[in-house]
Every structure is written in structure tokens, then in C-alpha cells.
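Chemist:
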Amino acid sequence: MPSHAHPFHNATIPVKPFRLSHTQQQVDDMKTLIRLSPLGPATYENDPARDEKMGISMQSMREIKEAWLEYDWLARQEDLNALPQYIAQVVDTDSKTGKEHTFDVHFVGKMSEIEEAIPLILLHGWPGMGLFELTPMIEALKTAGAPPLHLIIMDFPGYLYSSPPPLDADFSLEGMMRVAHGLMMGLGFKEYAAQGGDLGAFVSRLLACRYKECKAIHVNMVPLRADLPAFKDIQLNDRDRARMKRFHEFNNTGSGYAIEHATRPSTIGFALAASPLALAAWVGEKLHEWTDETPPMSVVLQWLTLYWLTQTFPTSIYAYRHTMFEQKDPTTRPGESAKDFTKPMTGTYVDKPMGYSLFEYELLPTPISWAEKTGNLVSSAEHQHGGHFAATEHPDLLAQDVVEFLKVAWPARKRD
Numbered sequence: 001m002p003s004h005a006h007p008f009h010n011a012t013i014p015v016k017p018f019r020l021s022h023t024q025q026q027v028d029d030m031k032t033l034i035r036l037s038p039l040g041p042a043t044y045e046n047d048p049a050r051d052e053k054m055g056i057s058m059q060s061m062r063e064i065k066e067a068w069l070e071y072d073w074l075a076r077q078e079d080l081n082a083l084p085q086y087i088a089q090v091v092d093t094d095s096k097t098g099k100e101h102t103f104d105v106h107f108v109g110k111m112s113e114i115e116e117a118i119p120l121i122l123l124h125g126w127p128g129m130g131l132f133e134l135t136p137m138i139e140a141l142k143t144a145g146a147p148p149l150h151l152i153i154m155d156f157p158g159y160l161y162s163s164p165p166p167l168d169a170d171f172s173l174e175g176m177m178r179v180a181h182g183l184m185m186g187l188g189f190k191e192y193a194a195q196g197g198d199l200g201a202f203v204s205r206l207l208a209c210r211y212k213e214c215k216a217i218h219v220n221m222v223p224l225r226a227d228l229p230a231f232k233d234i235q236l237n238d239r240d241r242a243r244m245k246r247f248h249e250f251n252n253t254g255s256g257y258a259i260e261h262a263t264r265p266s267t268i269g270f271a272l273a274a275s276p277l278a279l280a281a282w283v284g285e286k287l288h289e290w291t292d293e294t295p296p297m298s299v300v301l302q303w304l305t306l307y308w309l310t311q312t313f314p315t316s317i318y319a320y321r322h323t324m325f326e327q328k329d330p331t332t333r334p335g336e337s338a339k340d341f342t343k344p345m346t347g348t349y350v351d352k353p354m355g356y357s358l359f360e361y362e363l364l365p366t367p368i369s370w371a372e373k374t375g376n377l378v379s380s381a382e383h384q385h386g387g388h389f390a391a392t393e394h395p396d397l398l399a400q401d402v403v404e405f406l407k408v409a410w411p412a413r414k415r416d
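Using UniProt numbering, the first residue of the sequence shown is number 1, and each one after it goes up by one.
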């Protein structure tokens, strides 16, 4: 394929094909560090008898270490290179400072042959391995009978093969939003829908509130405070109460990582950039705890290897200081508060078509009756399985929900 060849014929920004190209030497160096790194002593806390209630167990870490040493990354890299990947250059102007920064944005682009297909951008979360967390959705959407789509799946700045955040600016959710929107506009789309979980849900909501070109959003997480006045008179059913009880337990015993990300990102960045096993403990814990079933070891190792070889853990956690202590109120409509960039999640009621999928083991399992207070909810679904990484765990369920949502939302969108 010529270096200039790509299917985005209306693009107004530079776009070039991309392939993963990590070398055998990089893999060997990684495995040397894995082999030479000790796991540390057995403790009361890491004993399997604790059922990982105090963090990842010694048994899990031994299994990861042994499997990682045998992992054939170069074969997996070739598999991933079968995806149509690109790098686009997106120029972003910081809303607060007026400074311009140019980002290389890594994305997968699957363009329909039908020009009028729906442009849909999928947005990942943390510690999702960038866009590869979401690529199972490509086939799942086909299987679910999706309408023709122009499907875009991007790495946010700081993740994998996209540029890191700038060194001279405090990058935030607003920046992530601007870059995602800039990518869609730069690729030549006049309108689009967005789907996201975790950070992708934050950004999808902002896109809908800030840009008229974002016509509809579907999310599998609804970030909010549980004590908002809008929820005061809503009676929750038994399942919702059980989920929210689990959420409060997680907040009390499982959210220490987020406080570290938000308050000492430099320190944890250095710690995990120095050791692949430290990275495995920090990220592997989430893959064990935030799912109803631990993903296959092949998935765990792909996530860890991508983080390690790209050295992007330190550049992937910047959003936490902007979300951890934010007073999230998406029940209020956009107004003057929407222009206050210190409060990005206040005044973010979505008056465009919105869809919501509630997975049983999502960390923040917002009841559907609450989600209805945060936007024009035209489609919703509850699932008894699945957790924080729905697009990886159960892409079939999420894809079916997105398809049902688009059938309703896209014809109902506001046309300019």
C-alpha cells in the first residue's frame, strides 16, 4: 500500500497507514526484566486464601510471570496488523491557554462502501489497552446486524501509539474531547455518533454537549454522584440496591489506585515504568477484580505487553486528577457551567438521543432510572454478565445494544 493511500477521501488532515513494529530485541529485553524480577515474599495479604480482596495474589502473579515469559508477542503483533490502522495529525487548541499542539492519533478505520453510512467513533477507558480494548466490537457489530457504519476506534492521547499529552500544558478530559472531535472532523465526517465506557463515557457525554456534529451517544457507564437531588424520590429495585452496595464497597476498599493516579501520578508512573511485573500487579489486579470472569491469559498478556512496549502507563493516567474529585452532575442542562472548564462534568445533561447498557459488574452500575435523569434516554439494556471492560468481555451483548440504539437514535437525530 502506498504511504499516502487511505480510504478517507474527504479528509482535511494528514493520514497515513500504520503498522505495529516492535522488534525481537524489545521483546527479549522485556522478558529479561520479567525473568530477573523477583515477586517478593509470600504475605498474609497476597495469599490466595484472601481471594484477592487485598490485591492480586501470589498465585496469580506467578501464573502471569510464567505465561509472559512464553508469550509470542511477534506472532500476536502480526495478527493485530491485520487491522486497518492509521495515524492522523490533529491540531488542538487548548481552551484555557490558547496554545496549539499537534497530536499523532492512532486509530482503526473501517469505512463502509456506502457513503451515507453512520460515522461511529468508539472510545476506550482505563486501563483498557487503547483502541485494542474495543476491536472485538468490529466483528460483533457485523454479527449483530449493524447498519452500514464508518467505524473509527482511536487511542486517546497518551495511550499506545497516539502522542502523549504535551509537557507544557495540563491535559484533561476537555483535551481528549477536542482531539476526538478533531479526528472525526478531520477525517471528513459532517456528523457522527459516539460510544464509550469509563473515560470514553465521560468524553462521549462532553462531545454530545459541546458539539452539534455529535448527534447521539451510547455509553456503558454513567459517571455521577449518588446523592444528586434528581434521584431523591426514585425507589431502586433489589438488583439496583445490590449493585450500588457493591459500588460503595469498592469505593471504600478498591479505589486507592485512583487516588494515587490523581494525586501522585509521577510517582506511580516511575514505579510501573521500571518493572513489567509491577505493571502486571497494578493492571492485572483490575483485569481480575473488575470483571465477572477473569479474561483469558492471552488477553491479559496482550494488554500488559502493549503497555510495556509502548511505555505509556505514565502518560495514560492524567485524566484521574480531573475526574477523581469532580462534583459530577449530569442531571443539569448545559448552560454557563458548560463553559467552565474547571467543572467539565457539570451541566452535561444530553438532550440528544442517548443509549445506555448496564452490565452487572460495572464499577459504577448507575441504575437505569437514574440514567434517565441525565439525558434523552431512547434505548437501554441490563445484562446479568459483564463488567468494566464490556467491549472485551461481552462484545456481542454491547454490540447488540449499540445496534438497537442506532436504529432508534440515528433517524431521530437533529439534522442541521
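All C-beta atoms, glycine included, are put in the ideal place defined by N, C-alpha and C.
1) Three or more beta-carbon pairs under 8 Å between the region 388 to 396 and the region 253 to 273, yes or no?
2) Please work out which residues of its chain come closer than 7 Å, Cβ to Cβ, to L149, disregarding the five sequence neighbours upstream and downstream, and give them in chain order.
3) Is G128 near the ligand MN, judged by its Cβ being under 7 Å from some heavy atom?
4) Can you have a look at K190 and say buried or exposed, based on whether 16 or more other CB atoms are within 10 angstroms of its CB?
5) Can you give me the C-alpha to C-alpha distance between T97 and S204, rounded to a whole angstrom?
6) With three or more beta-carbon pairs closer than 8 Å as the criterion, would you say the region 265 to 282 touches the region 316 to 335?
7) Just to confirm my understanding: we take E412, look at its own chain, exclude 5 residues before and 5 after, and list those with CB closer than 6 Å. What are they?
8) How many Å lie between K286 and P127 at the Cα?
9) Going by DSSP, name the residue or residues bridged to M354.
10) Whole angstroms is fine: what's the gap from A146's alpha carbon to L123's?
11) Go ahead and label residue 432 buried or exposed: buried means 16 or more other beta carbons lie within 10 angstroms of its beta carbon, across all protein chains shown.
12) Where does G145 fall in DSSP's three states?
13) Inspect the beta-carbon positions of L74 and V27 and report whether they are closer than 8 Å.
14) Pick out whichever of A169, D198 and C214 has its Cα sitting closest to the Cα of L183.
15) Kindly indicate if chain C contains any beta-carbon less than 8 Å away from that of A230.
16) Does L167 pass the burial test, meaning 16 or more other C-beta atoms within 10 Å, or should it be called exposed?
17) Are the beta-carbon atoms of S162 and D104 separated by less than 8 Å?
18) Buried or exposed, going by whether 16 or more other CB atoms sit within 10 Å of the CB of R243?
19) Does Q85 come out as helix, strand or coil in the three-state DSSP assignment?
20) Could you have a look at I153 and say whether DSSP puts it in helix, strand or coil?
21) If we count the other Cβ atoms within 10 Å of its Cβ and call it buried at 16 or more, is Q302 buried or exposed?
22) Per DSSP, what are the beta-bridge partners of residue 474 in this structure?
23) So, with DSSP's three-state summary, where would you put H106?
24) Could you work out which residue in P157, A82, R225 and M129 is closest to V299 when comparing CA atoms only?
25) Just verifying my parser: in three-state terms, what is the DSSP assignment at Q400?
26) To which residues does DSSP link T93 through a beta bridge?
27) As a quick exercise: from E133, N237 and P38, pick the residue whose alpha carbon is nearest that of P395.
28) For F341, which residues of its own chain have a beta-carbon under 7 Å away from its beta-carbon, when the five flanking residues on both sides are left out?
29) Could you tell me which of S60, A11 and L398 sits nearest to E289, measuring between CA atoms?
30) To the nearest whole angstrom, what separates the beta carbons of V222 and A371, a pair I think is in contact under 8 Å?
Modeler: According to the structure data:
1) Contact check between the region 388 to 396 and the region 253 to 273: fewer than three CB pairs, one atom from each, fall below 8 Å, which does not count as touching.
2) The answer, listed in chain order, is S112, A117, I118, L120 and L141.
3) By its list of ligands, the structure shown contains no ligand whatsoever, and the ligand MN lies outside what it can speak to.
4) Taking a 10 Å sphere around the C-beta of K190, we find fewer than 16 other C-beta atoms and assign the residue as exposed.
5) Roughly 23 Å between the two C-alpha positions.
6) Flag = yes, the region 265 to 282 and the region 316 to 335 touch.
7) Strictly speaking, residue 412 in this sequence is Ala, with Glu absent from that position. For A412, same chain residues with a beta-carbon under 6 Å away, outside a window of 5 residues either side, are P353 in chain order.
8) P127 has its alpha-carbon roughly 8 Å from the corresponding atom of K286.
9) Per DSSP, I217 and L377.
10) The straight-line gap from Cα to Cα measures roughly 18 Å.
11) Residue 432 lies beyond the range of the chain shown here (1 to 416); nothing can be said about it.
12) In the structure shown, G145 sits in coil (DSSP, three-state: anything other than H, G, I, E or B).
13) Yes.
14) When only C-alpha atoms are compared, the closest one is C214.
15) No chain C appears in the structure shown, which is made up of a single protein chain.
16) Exposure of L167 is indicated by the presence of fewer than 16 other C-beta atoms within 10 angstroms of its C-beta.
17) With respect to D104, S162 sits close: the two C-beta atoms are nearer than 8 Å.
18) Per the 10 Å Cβ criterion, buried.
19) Note: Q85 maps to strand in three-state DSSP.
20) Of the three classes helix, strand and coil, the one that applies to I153 here is strand, per DSSP.
21) Q302 comes out buried.
22) Outside the shown range of the chain (1 to 416) lies residue 474, about which nothing can therefore be said.
23) H106 falls in the strand class under three-state DSSP.
24) Distances from the alpha-carbon of V299 to those of P157, A82, R225 and M129 put M129 closest.
25) Of the three classes helix, strand and coil, the one that applies to Q400 here is helix, per DSSP.
26) The partner list for T93 (beta bridge, DSSP) reads E100.
27) P395 has its Cα closest to that of E133, out of E133, N237 and P38.
28) In this prediction, F341 has a pLDDT of 48, which is less than 50 and means its spatial position is unreliable; what the coordinates show is noted afterwards. So the list reads S95, K96 and E174, once near-sequence residues are dropped.
29) Distance check between E289 and each of S60, A11 and L398 places S60 closest, using alpha-carbon atoms only.
30) V222 to A371, Cβ: 5 Å. Contact.
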